[in-house]
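The structure appears below as structure tokens.
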Amino acid sequence: MQDAAPQVQYLSDYQPWPWLVRAVALTFRLAPRATRVAARLDLAPNPARPGRHDLRLDGEGLRLIRAAIGGVALDVTPDATGLTIPAAALPQGPFTLETEVEIAPEGNTALEGLYMSNGMYCTQCEAEGFRKITFYPDRPDVMAPFRVRVESGLPVLLSNGNLVAQGPGWAEWDDPWPKPAYLFALVAGDLRAHRGQFTTRSGRKVALAVWVRPGDEGRCDWAMESLIRSMRWDEEVYGREYDLDIFNIVAVDDFNMGAMENKGLNIFNSRYVLASPETATDDDFARIEAIIAHEYFHNWTGNRITCRDWFQLCLKEGLTVFRDQQFTGDMRSHAVKRIEDVLLLRARQFREDAGPLAHPVRPGSYVEINNFYTATVYEKGAELIGMLRRLVGAEGYANALDLYFARHDGQAATIEDWLKVFEDATGRDLSQFHRWYTQAGTPRVTVAEDWDGGTYTLTLEQATPPTPGQPVKHPVPIPVAVGLLNPNGDEVVPTTVLELTGARQSFRFEGLAARPVPSILRGFSAPVILDHDRTDAERAFLLAHDTDTFNRWEAGRALAKQVLARMVTDNAAPGPDWLAAVERVLLDETLDPAFRALCLRLPGEDDMAQTLHTAGLTPDPDRIHAARKRLGDRLAQHLAPHLPGLYEALALPGPYTPDARAAGARALRLAVLALMTRIDGGTRAARAYAAADNMTDQTGALACLIEAGRADAELAAFARQWGHDRLVMDKWFSLQSALAAPAGAAELVAGLTAHPAFDWKNPNRFRAVIGAFSGNHAGFHRADGAGYRLVADWLIRLDPLNPQTAARMSTAFDTATRYDADRRGLIGAELARILAVPGLSRDMTEMAGRMLA
Ligand code: 0A1
Ligand code: ZN
């Protein structure tokens, strides 16, 4: 179906809706091909928008059965995007509008609005899915209490809020908290509950349930424990209490995103709910804990206080990501969490900021809002909050947040409102900080040092390269956390925050006995690229001595990249500094094993390509792949004498537990196994595979064997063992796609797409094969273009069924400008081929168009 003609939406066009919605009552009569939705809206003129207006409601793909105002039938015909009732047909004061529509959830493959997954009905309304359910002002600043009646022969009938009445074949739910339509949810199915309970600090008893398909009940413990930990944490740290008698989570197999924070009824992609030691890895357990927390935290940051319009998306997402990061740090390790977050930020957000899709954390325009659920809005949005907190201090932050909740509860707010509470609570002028929200691109901070025998001077300069539509950039305030070390490794100046507000500033440190070694941007205090010429020896020194754990890791990382870059560009051999430094870390038992595992991880190929491009070079994916392999092999040889002993020593006694300590030990042990595999070709990994009693060890060993090119028997055995389990089979697909040797990867992946279990309409399976392949850097970027062709073919196939997921995955093509003219030409040709497809979705048209511009 052809989408409506693409129209650009502008922040500057914002106007409130001319009516207030005092109450919403919905009745659903569910049927796969003909669901009836009756809606009653109590409307009153909005004093913020005086005058006479036509009443415009959003609605897409709805068959209108009837419409009436005050009980009098209306003669109106909807158009492709909604329904207009002329001003002349409207009463002057408050009135009631009734509509009834018919929709077909069974045929809804886009998974937006009301759809079906394995015989169960479910909804996804963010951002603009509610308009596929009924005629409504589908915009976040229209907030209303909802009452919902669900009629269906299915046994479990859920919606938002509290259950107020039920009988055979029906249930009624009431949500007293005014909410925008994007937070509406409905679920109906044959589901089983894993129940729990939580008593809030003021004594409210909340009935908790995780709803899953029959057979999955045994895999809900972790989700429930994570939910309870999240509820407690939000009370203790932010003073936020839950506000209904019921909190439900539902796991759904077909879901475009990770999860959704619908009020009182969170709906999750089943991969972020279901976990058992046999089927879920340590990373899965950690992600489940973080996503359960994220969605729960939205109850206050997103639901009680929502966004005025979708341009303000970062208001809820940046803050909620920041909160879930804090939570994970508290539950696990702040240092490890920070490193992981920065890895993700650089891999996804810096990449986005450096290419054709760069946009501000708060964009000023969009065509399709679904295309703006990006790393910039989420992850950079969270970084801005971390910077604010650093600038105003922990206490200032706590005061500002208290004021935010007090002032804006029940409202749809803006970034200006958000910054104002910080200004009012702390007295700081944040007008320059506002630029972080409106200016795209990653600032580069260049460091120069001067030492005159007593005074040490750091000169910092900032510059942000142009991004699409923003040729000229202005300085932003950058908190640069700095510490100074003595040449003997002692810290002489503890962490202080330098505020770089101008284009160039110098900071002096007096009274030092010897020239210090600076540790700059501690804790990654700002989302910037640091340009600082340093020798291998200096970086190795910081890896050994820095008191800031993040910067210890960062020094090792920068050193590894420096070494690898020289191997790529001039075939240099890895120097001794890096090998010795990694060896010291590996053997230092005072360090957290999770941290040691992170230090052993080599820079990824895409990361190297981005780094070389930033340095003004043209990355060659084959050379990067080959050099990275040589680097890993050389490290393995260097460490060889230690590996078997470490491998044995890191074995965990007793049964599997998913806690951070055990996970850290397993991560280090698997990193050691991967190094041993480079030496023995997989002998030890094959034994480890056979002995594995949990999914972390099983997939860890399998990954080693795939990389060693000898996994055939294990891959077959894995498929026999897990063929019945959708989530586990996703791992089987994605490991092969991601790790296939580049030369034959496109063919191997084409083979996977012919596998009978490749259910490409399921977003998880599509991502496991096509998404994982686009992350196989040298395989995807193969010089003959076979990788690009394969991905484009599949995006073209998916787009008419599920434009949202197809458009998200098209970001595989957003790095063309890094590469040589041939690759740029091949990528451009694929994007042009996509754009030429008749009836291409609005989502994909916008994405391909931006990438081709
Ligand atoms: N708000 C959810 C994620 C989400 C975002 C967009 C969606 O459709 C466009 C769906 C879900 C979250 O942040 O968890
Ligand atoms: Zn979110």
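Last residue of the sequence shown: 852 (numbering that gives the first Met the number 0), numbering continuous. The C-beta atom is built at its ideal place from N, Cα and C for all residues, glycine as well. Since the model is a prediction, treat every value here as computed from it, not as a measurement.
Each of 330, 261, 306, 759 was checked against the Cα of residue 286, and the nearest Cα belongs to 330. For the pair residue 688 and residue 349, the Cα-to-Cα distance works out to about 36 angstroms. Distances from the CB of residue 256 to the heavy atoms of the ligand 0A1 include at least one below 7 angstroms. Minimum Cα-Cα distance from residue 463 among the listed residues 352, 111, 546 corresponds to 352. Residue 142 sits in coil when the DSSP states are folded into three classes, being neither helix nor strand. In the three-state reduction of the DSSP assignment, residue 132 falls in the coil class, being assigned neither a helical nor a strand state. Comparing C-alpha distances from residue 540 to each of 583, 807, 592 shows the shortest one belongs to 583. Counting only residues of its own chain and dropping the five nearest sequence neighbours on each side, residue 706 has a CB closer than 6 angstroms to the CB of 738. Exclusion of residue 843 from the 7 angstroms shell around the ligand 0A1 follows from its C-beta lying no nearer than that to any non-hydrogen atom of the ligand.
The shortest CA-to-CA distance from residue 226 to any of 293, 121, 498 is the one to 293. Straight-line spacing of the CA atoms in residue 484 and residue 513 works out to 10 angstroms. If you draw a straight line from the Cα of residue 316 to the Cα of residue 761, it is about 25 angstroms long. Burial of residue 417 is indicated by the presence of at least 16 other C-beta atoms within 10 angstroms of its C-beta. Rounded to whole angstroms, the Cβ separation of residue 847 and residue 809 is 6 angstroms, and the two are in contact under 8 angstroms. Close CB contacts of residue 13 within its chain, under the 6 angstroms cut and outside five residues either way in sequence, are with 308 (chain order).
Membership of residue 449 in the beta strand (DSSP E) is indicated by the continuous run 443-450. Following the DSSP letters along the chain, one finds residue 113 inside the beta strand (DSSP E) bounded by residues 112-116. Only buried fits residue 726, as 16 or more other CB atoms lie within 10 angstroms of its CB. Sorting 820, 783, 390 by C-alpha distance to the C-alpha of residue 496 places 390 at the top. Distances from the CA of residue 291 to each of 223, 212, 358 were compared; the closest alpha carbon is that of 223. Using a Cβ-Cβ distance cut-off of 8 angstroms, the stretch 667-676 and the stretch 696-710 are in contact, since at least three pairs of beta carbons, one from each stretch, lie closer than that value.
Pairwise C-beta distances place the stretch 45-54 in contact with the stretch 14-26, as three or more of them are shorter than 8 angstroms.
CA-CA distance, residue 409 to residue 81, rounds to 27 angstroms.
Around the beta carbon of residue 833, 16 or more other beta carbons sit within 10 angstroms, so the residue counts as buried. Every unbroken stretch of the alpha helix (DSSP H) spanning 4 or more residues and falling wholly within the stretch 711-775 is given here in chain order: 711-721, 725-738, 741-752, 762-765. Across the structure, residue 607 and residue 623 are spaced so that their CA atoms are roughly 7 angstroms apart.
Selection around the ligand ZN by beta-carbon proximity, strictly under 5 angstroms to any non-hydrogen atom, yields 316, 319 in chain order. At a cut-off of 4 residues, the continuous stretches assigned as alpha helix (DSSP H) that sit fully inside the stretch 397-435 are 414-425. Ranked by Cα distance from residue 111, the options 322, 802, 650, 645 are led by 802. Residue 643 sits in a helix when the DSSP states are folded into three classes.
A distance below 8 angstroms between beta-carbons, with the five flanking residues on each side excluded, links residue 800 to the following residues of its chain, in chain order: 108, 109, 760.
By the criterion of a C-beta distance shorter than 6 angstroms, residue 655 is surrounded in its chain by 276, 693, once the five residues flanking it on both sides are discounted. Taken atom to atom, the span from the alpha-carbon of residue 467 to that of residue 441 is near 13 angstroms. For residue 568, the secondary structure class from DSSP, reduced to helix, strand or coil, is helix.
Annotation: the continuous alpha helix (DSSP H) that includes residue 795 extends over 785-797. Burial state of residue 553 is buried, judged by a 10 Å Cβ sphere holding 16 or more other Cβ atoms.
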